[in-house]
Structures are given as structure tokens and as C-alpha cells.
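Numbering (my numbering), first residue to last: 18 to 175.
Just so it is clear, CB atoms sit at the ideal spot from N, CA and C, and this is done for glycine as well.
Treat the numbers as computed from the prediction; the structure is a model and nothing was measured.
This report refers to the structure that appears directly beneath it.
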């Protein structure tokens with residue numbers, strides 16, 4: 018008869034892909050020893066939330082303008098297609114008019130690309146701030162008096 022002894026494994030932070038970096042934040046201690054957000058942390062959370070709300074409004078407005086301009090370009094493309102089909106090959110004036118419309122169309126497409134790049138940049142900033150708010154503020158403990166003081170100081174809420 019053989020006795021099989023199970024091997025013990027020690028869990029390491031690296032093996033568990035755990036974050037081993039200590040937080041640079043200094044939390045307020047609670048009765049249970051857990052950390053709670055301080056008033057300054059709450060103020061920073063409120064400020065971040067306000068920035069996110071403002072970014073969202075800008076992004077929404079940019080999206081509406083982008084969609085409107087996209088539709089305008091689609092309509093313009095349809096008009097150009099019809100214009101080209103009806104183009105009188107012998108009339109130099111018709112060709113020049115069509116070419117100037119094509120140039121205008123190309124300018125609008127370039128403007129649309131720039132609008133899209135600006136929109137994507139705003140969206141990226143919004144996503145970064147939202148992720149930071151989620152990580153640093155959401156689900157965190159805090160004392161009600163600290164929150165009330167932060168709201169009073171900033172004039173805004175979470």
C-alpha cells in the first residue's frame with residue numbers, strides 16, 4: 018500500500034496575474050480597517066464625472082453633425098452620378114461645371130474625414146475618463162459627511 022501525498026502549490030501574484038503595484042492613493046480608514054474615499058478623492062470623482070458628462074454632450078453634438086453631413090454627402094454623390102449620366106460630352110461648359118461639382122464633393126469628403134478623426138479623438142478621451150471613473154470611484158466606500166462636503170464645495174453630485 019502506498020500513501021500518496023498531495024503536492025502543495027503556493028499561489029503567487031504573478032501566476033494569478035494580480036496587480037502587485039501598491040496604490041498611490043491614501044484612503045481614509047474605516048472602523049473595519051477598509052479604506053474609504055476621502056473628501057478630496059470624492060471631489061476628484063465629481064470633477065471627473067462632470068468632465069465625462071460634458072464630453073458626452075460634445076460627442077453627441079459631433080455625432081449629430083457628422084450624421085447630417087454624411088447624409089448631405091450621400092445626396093450630393095447621387096446628384097453627381099445623375100449629372101455625369103446626363104453630361105453632354107461635347108459641351109465644354111457642362112464638363113467644367115461637373116468637374117467643379119466633383120471638386121466640391123471631394124472637399125466635403127475631406128471635411129467629413131476630418132470630422133470623423135475629431136469625433137474618434139473625443140470618443141477616445143471620453144472612454145479613458147469613463148474607465149478611470151469606473152476604476153477609481155465606482156463602488157468605493159465613502160463617509161456621507163465627506164460626500165456632502167464635496168457636493169457642497171463643487172456644487173455637483175456623482
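Requested in this report: Please state whether DSSP places residue 159 in a helix, a strand or coil.
Outcome: For residue 159, the three-state secondary structure derived from DSSP is strand.
Report task. Could you please give the first and the last residue of the uninterrupted alpha helix (DSSP H) stretch that includes residue 173? Result -> Counting along the chain, residue 173 falls outside any alpha helix (DSSP H), and DSSP gives it neither H nor E.
**Report entry** DSSP bridge partner residues for residue 54 (one or two, in chain order)
**Finding:** Paired residues: 159.
Report task. Could you name the residues of the same chain whose beta carbon sits closer than 7 Å to that of residue 60, not counting the 5 residues immediately before and after it, in chain order? Result -> Cβ neighbours of residue 60 within its own chain (closer than 7 Å, five residues either side excluded): 167, 170, 171.
Query raised in the report: Hey, how far is the Cα of residue 146 from the Cα of residue 140?
Result: Each residue's Cα considered, the two are about 10 Å apart.
Requested in this report: Between the Cα of residue 121 and those of 96, 109, 136, spot the shortest distance and give me the residue it belongs to.
Outcome: Measuring C-alpha to C-alpha distances from residue 121 to each of 96, 109, 136 identifies 96 as the nearest.
Query raised in the report: How many Å lie between residue 132 and residue 108 at the Cα?
Result: About 36 Å.
Query raised in the report: In or out: residue 66 buried (at least 16 other Cβ within 10 Å) or exposed?
Result: By the neighbour-count rule (16 or more Cβ atoms within 10 Å), residue 66 is buried.
**Report entry** Residue interval of the alpha helix (DSSP H) (run including residue 104)
**Finding:** Annotation: residue 104 is outside any alpha helix (DSSP H) and is labelled neither H nor E by DSSP.
Query raised in the report: Helix or strand or just coil, what does DSSP make of residue 94?
Result: If DSSP states are grouped into helix, strand and coil, residue 94 belongs with the helices.
Query raised in the report: Helix, strand or coil for residue 167 per DSSP?
Result: DSSP places residue 167 in helix when its eight states are reduced to three.
Query raised in the report: Under a Cβ-count criterion, where at least 16 other Cβ atoms within 10 Å of its own Cβ denotes burial, should residue 63 be classed as buried or exposed?
Result: The residue is buried, with at least 16 neighbouring Cβ atoms inside 10 Å.
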